[in-house]
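Chemist: Sharing a structure here in structure tokens format.
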Amino acid sequence: MKIEKILAFIWLAIAAVLIFLFVSFIKNDGMFHFRFNSNHPSKSLAGNYDLYSDESYTKEQITEFEINLTSEAIFFETSEDDKITIEFYCNEDRKPVTSLDGTKYSIKSKNIHKPGGSSKQRKIVIYIPKDYTIGKINANISSGSIYLADCKIDLFQSEISSGVIQGNAKINEIHSNSSSGVTKLTLNEPLTRESSLYTTSGIIKLKIPEESNLSIYHTVTSGIYNNKLKLEETSKGPDVLGTGDVKLHLSATSGIIKINEG
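Just so we're on the same page, this note's numbering is the position in the sequence shown counted from 1, plus 1.
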């Protein structure tokens with residue numbers, strides 16, 4: 002009888018934990034993510050390797066980043082230095098392959114298959130000067146992560162499988178396509194050129210400045226679309242914010258799109 006009571010108590014405890022996790026999962030729109038320092042998010046990521054190596058470049062040497070990641074986390078953060086510094090936190094055999102072709106800096110994960118392995122998170126931190134604008138970031142990530150901290154980017158392009166893009170930045174133009182990934186961005190200033198974000202079953206959460214001038218075209222099949230901006234809604238055509246000069250295309254199949262919510 003005592004054993005049955007103990008087992009019943011254990012099952013109740015497990016059920017309570019699962020319910021708590023499920024509720025937290027729903028409240029966060031299907032996301033479990035760590036809370037990070039918005040200025041230095043890389044310092045909030047636990048379980049890292051020690052610094053393995055670093056590289057330094059002038060602002061003129063790099064205008065574009067080409068990123069192909071499998072499971073690493075990459076951080077773009079501003080610094081007071083007048084140079085670009087790239088730090089790699091990993092072990093020797095898993096350091097990504099890098100190259101500089103003209104002014105395009107490329108980072109690509111190594112495909113190494115080993116049984117077991119460490120549970121530590123490999124990360125890359127890119128420090129850029131505060132007055133520096135990245136000409137272009139082209140990112141292709143599977144289960145990796147990209148975090149932006151108060152950066153300036155002219156063109157941001159991404160293809161996401163189940164990875165994460167998160168943070169805040171001034172971006173003039175963005176094009177993002179994801180399957181089940183998460184895009185959670187705060188735009189520090191209005192978009193200036195036509196942009197698009199598409200997802201199949203993933204999540205798109207945007208915070209857009211109220212002073213933006215957007216025509217928002219949105220399509221959702223069986224997903225969720227919530228927009229808290231003060232829009233001029235029309236029965237036909239896009240929702241308009243301000244003058245509506247810049248087109249923003251948003252689309253989800255069974256995913257979630259939320260604008261300026263929470």
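All C-beta atoms, glycine included, are put in the ideal place defined by N, C-alpha and C. These figures come from a predicted structure and were not determined experimentally.
1. Just curious, the beta strand (DSSP E) that Cys152 is in, first and last residue?
2. Since Glu56 sits in a beta bridge, which residues does DSSP pair it with?
3. Three or more C-beta pairs closer than 8 Å, one from the region 105-113 and one from the region 204-211: is that the case here?
4. Run through DSSP, which three-state label would Glu93 get?
5. Who are the near neighbours of Pro191 in its chain, counting only those whose CB is closer than 7 Å to its CB and skipping five residues on each side?
6. What is the residue span of the beta strand (DSSP E) that Glu78 lies within?
7. Identify the continuous beta strand (DSSP E) that holds Glu174 and give its terminal residues.
8. Between the C-alpha atoms of Ser223 and Glu78, what's the straight-line distance to the nearest angstrom?
9. Please report the distance separating the alpha-carbon of Phe26 from that of Val221.
10. Quick check on DSSP: helix, strand or coil for Tyr128?
11. From Asp83 to Lys185, what distance separates their C-alpha atoms?
12. Quick one: give me the first and last residue of the beta strand (DSSP E) that Tyr50 is part of.
13. Since I believe Leu251 is in contact with Leu198 (beta carbons under 8 Å), could you give me their beta-carbon distance rounded to a whole number of angstroms?
14. Could you tell me the distance, in whole angstroms, from the CA atom of Ser177 to the CA atom of Asp51?
15. Does Leu19 come out as helix, strand or coil in the three-state DSSP assignment?
16. Check the DSSP bridge columns for Asn139 and list the partner residues they point to.
17. What did DSSP end up calling Ser196 once you bin it into helix, strand or coil?
18. Between the region 133-142 and the region 61-68, do three or more beta carbon pairs fall short of 8 Å?
19. Check whether the Cβ atoms of Ile161 and Ile142 lie closer than 8 Å to each other.
20. Helix, strand or coil, according to DSSP, for Leu251 in the structure here?
21. Using 10 angstroms around the beta-carbon of Ser54, count the other beta-carbons present and answer buried if the total reaches 16, otherwise exposed.
22. Excluding the 5 residues flanking Ile217 on each side, which residues of the same chain have their C-beta closer than 6 Å to its C-beta?
Modeler: Walking through what the data contain:
1. For the purposes of this step, residue 152 is identified with residue 151 of the sequence shown, where counting begins at 1. For Cys152, the enclosing beta strand (DSSP E) begins and ends at Ser146 to Ile161.
2. Taking the first residue of the sequence shown as 1, we reach residue 56 at position 55. Answer by DSSP bridge pairing, in chain order: Ile87.
3. no
4. Position 92 of the sequence shown holds residue 93. Residue state, collapsed to three classes: helix.
5. Taking the first residue of the sequence shown as position 1, residue 191 is located at position 190. The beta carbon of Pro191 is closer than 7 Å to those of Pro210, Glu212, Ser213 and Asn214 in its chain, skipping five residues each way along the sequence.
6. Walking along the sequence shown from the start, residue 78 turns up at place 77. Ala74 to Ser80 is the extent of the beta strand (DSSP E) around Glu78.
7. Position 173 of the sequence shown, counted from the start, is the residue given in the question as residue 174. First-last of the beta strand (DSSP E) with Glu174: Val165 to Ser179.
8. Numbered from 1 along the sequence shown, position 222 holds the residue referred to as residue 223. Numbered from 1 along the sequence shown, position 77 holds the residue referred to as residue 78. Their Cα atoms are separated by approximately 37 Å.
9. For the purposes of this step, residue 26 is identified with residue 25 of the sequence shown, where counting begins at 1. For the purposes of this step, residue 221 is identified with residue 220 of the sequence shown, where counting begins at 1. The predicted model places Phe26 with a pLDDT of 44, which falls under 50 and marks its position as unreliable, so this point remains unresolved.
10. On the sequence shown, residue 128 is found 127 positions in, with the first residue counted as 1. Looking at Tyr128 - three-state DSSP - the assignment turns out to be strand.
11. In the sequence shown, residue 83 corresponds to position 82, counting from 1. In the sequence shown, residue 185 corresponds to position 184, counting from 1. Near 29 Å, if we compare the C-alpha coordinates of Lys185 and Asp83.
12. Numbered from 1 along the sequence shown, position 49 holds the residue referred to as residue 50. Note, Tyr50: premise wrong, no beta strand (DSSP E); not H, not E.
13. Along the sequence shown, read from residue 1 onward, the residue named residue 198 stands at position 197. Along the sequence shown, read from residue 1 onward, the residue named residue 251 stands at position 250. Correct: roughly 6 Å between the Cβ atoms.
14. Numbered from its first residue, the sequence shown carries residue 177 at position 176. Numbered from its first residue, the sequence shown carries residue 51 at position 50. So the alpha carbons of these two residues sit roughly 32 Å apart.
15. Numbered from its first residue, the sequence shown carries residue 19 at position 18. Here the model assigns Leu19 a pLDDT of 46, short of 50, so the residue's position is not dependable, and the following value carries that caveat. Three-state result, Leu19: helix.
16. Taking the first residue of the sequence shown as position 1, residue 139 is located at position 138. Beta-bridge pairing links Asn139 to Glu67 and Gln158.
17. As a first step, residue 196 is located in the sequence shown; it is residue number 195 there, counting from the start. If DSSP states are grouped into helix, strand and coil, Ser196 belongs with the strands.
18. yes
19. Numbered from its first residue, the sequence shown carries residue 161 at position 160. Numbered from its first residue, the sequence shown carries residue 142 at position 141. For Ile161 and Ile142, yes; Cβs fall inside 8 Å.
20. Here residue 251 corresponds to residue number 250 of the sequence shown, with the count starting at 1. Strand, per DSSP.
21. Taking the first residue of the sequence shown as 1, we reach residue 54 at position 53. Under this definition Ser54 is an exposed residue.
22. Here the question's residue 217 lines up with position 216 in the sequence shown. Counting only Cβ-Cβ distances below 6 Å, and skipping sequence neighbours, we find Pro239, Asp240 and Leu249.
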